[in-house]
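Here's the structure, in structure tokens; my notes come after.
2 protein chains.
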Amino acid sequence: MALDARKAQILKAIVEDYVKTGLPVGSRAVARKHRLGVSPATIRNEMADLEEMGYLDKPHTSSGRVPSDRGYRVYVDELMTDVRLSREESAMIESLFRSKIRDVVSFLKETVRALSEATDYLAFVLGPECETTTIKAIYLLPASVGRALLVIVSDVGVVENCLIDVPPMSREEMEYVNNMLRSHLCNVSLDQIHSKAQALLKRETSRYSRVIAQITEFLTSITEDSETERLFMGGTANLLNQPEFKDVNRVQDLLEAIENGSLIRNIMITQTQTTDPAITIGEENQVDKVKEFSIVYGTFRLGQSAGRIGVLGPKRMNYPRAVALVRFCEQLINKHLTR
Amino acid sequence: MALDARKAQILKAIVEDYVKTGLPVGSRAVARKHRLGVSPATIRNEMADLEEMGYLDKPHTSSGRVPSDRGYRVYVDELMTDVRLSREESAMIESLFRSKIRDVVSFLKETVRALSEATDYLAFVLGPECETTTIKAIYLLPASVGRALLVIVSDVGVVENCLIDVPPMSREEMEYVNNMLRSHLCNVSLDQIHSKAQALLKRETSRYSRVIAQITEFLTSITEDSETERLFMGGTANLLNQPEFKDVNRVQDLLEAIENGSLIRNIMITQTQTTDPAITIGEENQVDKVKEFSIVYGTFRLGQSAGRIGVLGPKRMNYPRAVALVRFCEQLINKHLTR
DNA sequence: TTTTAGCACTCTTAGGTCGTGAGTGCTAAT
DNA sequence: ATTAGCACTCACGACCTAAGAGTGCTAAAA
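Top to bottom, those sequences are chains F and V.
Under the numbering used here, the first residue of the first sequence carries the number 361, and numbering increases by one thereafter.
Under the numbering used here, the first residue of the second sequence carries the number 361, and numbering increases by one thereafter.
Here it is, written out as structure tokens:
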């Protein structure tokens, strides 16, 4: 059942031709372009075999072959050869966000933009799960009359803030509240924050209880919202390049799903990530709407939790290049944010 | 040249029919649905007049009429009747972001989402021009070893922050820097911030100069980035609903322009805003890519500067409804953020 | 036994023709 | 000034045809 050398070569040629042109590829083309030293007729026989094995499909009885999902699978698993990014290209990407490392969020956004531009696919980054991140610093600061700014910094350098109403407070009172927050909430992980804050709220029946209540509410909302808040995407328009979008209606569905971020779920479910840049092809994806696409994504570490970065493109994707670029971005993030 | 009552009635009927169906409307349809008590033949004569006056177009010699840009213009200026949102609808929108007023940015994002869902067009909001906003509070806070968090709060409640590298500092030193920042930069407007910070940097030759330099850089970058950073959009996918997107290529261009935010420019240029919800129709737009669309946008005040909120949709837009919804959102913002 | 040449066959695609129907403009009658 | 009638135009869909690409099979060659 394993592929002999020639079948492998042919399958590889077909995948790569199809990726390049988007047209079903015929025996002539394979024989000519890849000079295997055999005639089209021989290729045809091999192609018939490959089809029977389930690696190729025919759009209709009498036209060239197209890789099936399984065909792509063996291609990415066994056939494809890694590419290295050219020096110029990696330099180009890196320069895209020279002095942009201000904060984690904008850094991730820039990375996603660079990735989408380099690949011409939809790129996404999923920030680190916040459950495992811990609060490193928490401050309540006077912002204007009757309002204070609550700022928290997580161990991975993500900053959240919100404005809350406060009664007039003296400097000492503010100091007192700050000490209280610091002593109770610093080094607490976000999944414990709710109960910790509740406890604090119960204990504190002083005149600050309303302030504490607002703070508690905010802290809780962070974990709730983070699902959507930590997903960034770029290059949505690139999807429309793909010839598989001859009809608009398909795009619509997908775009909506993308916009409201239900794409996340997909990755969460399909998370049997084995190889580093994980690749899921067509029907392998759990979510219906992306069953016509492929996803290449990898993991980066940020503090003690992990995030994901990847691209979503047509099954007819340039996998070697996508893998190289995703991997490059992973490294970029690890390099710049780990310290 | 002014429209007599019947011509007005007919033009109005045609616009509204066309908005509803998207199909060129013929004399029969006008006569039947709007029971003007005249025969199709009469309507035809009037339609011929309206066409000559430039208010109607014919897609081809022998099919119904379609409003021209000028036709839409007189419709929105003189013909259309204001609609009121139903009680349920306004309540629905308002409830969409009940407890979401944490911070200005997420509030604006929610508003845009609500607006895009209610209209089924692309909605956008352009935050207040930052040039005129002033810094109300500025803090440098210890975040972790070797890093500090710089936080600034503007008068309109927008919070910006960034992490910077700092040498080890005692509490007193930190206090000193904070005092310096506060005394020099508080109540300074963002368009002066660069020079002020530079001056501060020149004067301060102490060991903090590197810290100050980083701060200066960040403050400058805020004004530079804000062009893109203060634009939020929602409902991109809605554009694909429009039948004018039978072919995908058109979408592509527009989506790209939308994604990278060059849509801003349009509004900046077309800013001869006279009526409150301003309406620009088709060719009236300065930017080529939106010459096939219409924009309805209004202004909201935030502190002493202003922001814009609006929708972008097909020329064949439900203008009365769009106007009502944009106006409603303006009020919503003014109500919730003015205090 | 494997490869190749040859050939009939299939199926898509583009172009062309034709009939239908919606809607017009014009003319003559009301 | 309005209307009925009528010939005319044009987009659209159905149907057909020819061309071209590619296949599968068979029989000959290596």
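Cβ coordinates follow ideal geometry from the N, Cα and C atoms, glycine included.
Remember, predicted model here, so these are calculated numbers, not experimental data.
For a cut-off of 8 angstroms, the C-beta gap from Gly658 of chain V to Gly670 of chain V is around 6 angstroms, short enough to register as a contact.
Shortest Cα-Cα distance from Gln552 of chain V to any of V:Arg531, V:Ala573, V:Ile582 involves V:Ile582. Residue burial annotation: Val518 of chain F is buried, with at least 16 other C-beta atoms found within 10 angstroms of its C-beta. With its beta carbon less than 8 angstroms from one in chain V, Ser504 of chain F belongs to the interface.
Non-local C-beta neighbours of Pro502 of chain V in its own chain, meaning closer than 7 angstroms and more than five positions away in sequence, comprise Ala508, Met534, ordered along the chain. For Thr421 of chain F, the closest C-alpha among the options F:Ala408, F:Gly431, F:Met540, F:Asp429 is that of F:Ala408. Within the stretch 508-533 of chain V, the residues whose Cβ lies closer than 7 angstroms to any Cβ of chain F are, in chain order, Leu509, Val511, Val513, Gly517, Val519, Asn521, Cys522, Leu523. When Cβ pairs closer than 8 angstroms are counted between the two stretches, the stretch 540-556 of chain V is seen not to touch the stretch 534-546 of chain F, the count staying below three. Under the rule that a run must span 3 or more residues, the beta strand (DSSP E) segments found entirely inside the stretch 433-491 of chain F read 482-486.
Between Tyr481 of chain F and chain V, the shortest Cβ-Cβ separation is not below 8 angstroms. For Ala497 of chain V, the residues of chain F that pass the 9 angstroms Cβ criterion are Leu501, Pro502, Ala503, Ser504, Leu509, in the order they occur in the chain. Chain-order list of chain V residues neighbouring Gln612 of chain F: Ala597, Leu600, Asn601, by C-beta distance under 8 angstroms.
A check of alpha carbon separations from Thr494 of chain V across V:Phe467, V:Leu550, V:Ser476, V:Arg531 identifies V:Leu550 as the nearest. By the beta-carbon neighbour count (other beta carbons within 10 angstroms, threshold 16), Thr634 of chain F is exposed. Following the DSSP letters along the chain, one finds Phe605 of chain F in no alpha helix (DSSP H), marked with neither H nor E.
For Leu615 of chain F, at least one C-beta of chain V is nearer than 8 angstroms to its own C-beta. Closer than 8 angstroms to the CB of Asp648 of chain F there is not a single CB belonging to chain V. Beta-bridge analysis with DSSP links Phe688 of chain V to no other residue. It is roughly 11 angstroms from the alpha-carbon of Gly431 of chain F to the alpha-carbon of Glu438 of chain F.
Per the Cβ contact rule, the stretch 361-371 of chain F is in contact with the stretch 398-415 of chain F (3 or more Cβ pairs under 8 angstroms).
Distance from the Cα of Ala573 of chain V is smallest, within the candidate group V:Asp585, V:Arg687, V:Ala557, for V:Ala557. Closest by C-alpha distance to Thr596 of chain F, out of F:Val472, F:Ile512, F:Asn678, is F:Val472. By the C-beta density criterion, Arg567 of chain V is exposed, having fewer than 16 other C-beta atoms within 10 angstroms. Taking Leu697 of chain V as reference, the option from V:Gln664, V:Ser423, V:Ala389 with the minimal CA-CA separation is V:Gln664. Per DSSP, Tyr415 of chain F lies in no beta strand (DSSP E) and is assigned neither H nor E. At a cut-off of 8 angstroms between beta carbons, Glu619 of chain F contacts chain V. A direct Cα-Cα distance of roughly 45 angstroms separates Thr492 of chain F from Leu445 of chain V. Of the residues F:Gly386, F:Ser423, F:Leu475, the one whose Cα lies closest to the Cα of Val686 of chain F is F:Leu475. In this structure, the straight-line span from the alpha carbon of Asn678 of chain V to that of Pro419 of chain V is close to 21 angstroms. Glu520 of chain F counts as buried, since at least 16 other C-beta atoms from the protein chains shown sit within 10 angstroms of its C-beta. Contacts with chain F at 8 angstroms (Cβ-Cβ) do not include Asp364 of chain V. Taking a Cβ-Cβ cut-off of 8 angstroms, the neighbours of Asp463 of chain F in chain V comprise Asn521, Cys522, Leu523, given in sequence order. In summary, Ser530 of chain V is exposed, with fewer than 16 beta-carbon neighbours lying within 10 Å of its beta-carbon over all protein chains present.
It is roughly 16 angstroms from the alpha-carbon of Glu489 of chain F to the alpha-carbon of Lys496 of chain F. Assignment of beta-bridge partners to Pro400 of chain F by DSSP yields no partner.
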